[in-house]
Amino acid sequence: MPLTVRVITPDKTVWDGDVQEIILPSTSGQLGILAGHAPLLTALDTGVIRVRPDKDWKSIAVMGGFAEVEQDEIKVLVNSAEAGDNIDKEAAREEYNAAQSRLEEATKGGEPREQMKASNAYKKARARLQAAGGMV
Numbered sequence: 051m052p053l054t055v056r057v058i059t060p061d062k063t064v065w066d067g068d069v070q071e072i073i074l075p076s077t078s079g080q081l082g083i084l085a086g087h088a089p090l091l092t093a094l095d096t097g098v099i100r101v102r103p104d105k106d107w108k109s110i111a112v113m114g115g116f117a118e119v120e121q122d123e124i125k126v127l128v129n130s131a132e133a134g135d136n137i138d139k140e141a142a143r144e145e146y147n148a149a150q151s152r153l154e155e156a157t158k159g160g161e162p163r164e165q166m167k168a169s170n171a172y173k174k175a176r177a178r179l180q181a182a183g184g185m186v
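This note's numbering puts the first residue of the sequence shown at 51, with every later residue one more than the last.
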């Protein structure tokens, strides 16, 4: 029995279809969902959602939000999302390297506001690179 998954941002639907399994980046760690899962509402961290519509896994980079599981339907409401197939891996790698350098500089500087901005940019760049299939 498949799960129906919808990944929705404020301006578009990034995924709408049936899957066999989904892995969510919850704020408390990775959360795997199969058919028959108990009802659940969870906050999502910036990271990668992995869905398995058939034998192959698909990745979606998400930038925080919420997921609701109820009667084999999963609604994922996120601030922004991007399918891994639509991300240029080399551009994502460059973005990741730049964000990592910025985070290292911000950590040395000690300014809390800059550290937070750099940390958020790093998490977003890391999620995009992972969704594109790059190793981190």
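Glycine is no exception: its CB is placed at the ideal position from the N, C-alpha and C atoms.
Fair warning: this is a prediction, and the values are worked out from it, not measured in the lab.
Beta-carbon proximity check, residue i vs residue j, cutoff 8 Å
{"i": "aspartate 95", "j": "proline 75", "result": "yes"}
{"i": "aspartate 66", "j": "proline 52", "result": "no"}
{"i": "threonine 59", "j": "serine 130", "result": "yes"}
{"i": "glycine 115", "j": "valine 101", "result": "no"}
Span separating the alpha-carbon of residue i from that of residue j
{"i": "glutamate 71", "j": "alanine 142", "result": "26 Å"}
{"i": "threonine 157", "j": "alanine 168", "result": "9 Å"}
{"i": "valine 55", "j": "alanine 133", "result": "14 Å"}
{"i": "glutamate 154", "j": "asparagine 147", "result": "11 Å"}
{"i": "isoleucine 137", "j": "alanine 182", "result": "6 Å"}
{"i": "arginine 176", "j": "lysine 108", "result": "17 Å"}
{"i": "methionine 113", "j": "leucine 81", "result": "16 Å"}
Endpoints, alpha helix (DSSP H) assigned at residue i
{"i": "lysine 173", "result": "162 to 181"}
Proximity to residue i [Cα-Cα], best of the options
{"i": "glutamine 180", "options": "Leu81, Asn129, Lys139 and Glu120", "result": "Lys139"}
{"i": "methionine 79", "options": "Ile99, Asp66, Val69 and Ala85", "result": "The amino acid at residue 79 is misidentified as methionine; the sequence shows glycine. Out of Ile99, Asp66, Val69 and Ala85, Ile99 has the C-alpha closest to the C-alpha of glycine 79."}
{"i": "asparagine 170", "options": "Lys158, Ala182, Pro89 and Ala149", "result": "Ala149"}
{"i": "threonine 63", "options": "Leu91, Val128 and Gly183", "result": "Val128"}
{"i": "leucine 91", "options": "Glu155, Asp135, Glu118 and Ala111", "result": "Glu118"}
{"i": "arginine 178", "options": "Ile73, Met166, Pro89 and Ala111", "result": "Ala111"}
{"i": "alanine 85", "options": "Gly97, Ile124, Lys174 and Val57", "result": "Ile124"}
Opening and closing residue of the beta strand (DSSP E) in which residue i lies
{"i": "lysine 139", "result": "Here lysine 139 belongs to no beta strand (DSSP E); instead the alpha helix (DSSP H) covers 139 to 159."}
{"i": "methionine 51", "result": "It is not in any beta strand (DSSP E) - methionine 51 carries neither H nor E in the DSSP assignment."}
{"i": "leucine 91", "result": "90 to 102"}
{"i": "alanine 131", "result": "131 to 133"}
Bridge partners - residue i, DSSP secondary structure assignment
{"i": "glycine 184", "result": "Note: glycine 184 sits in no beta bridge, so no partner."}
{"i": "aspartate 68", "result": "Thr54"}
{"i": "glutamine 80", "result": "Pro75"}
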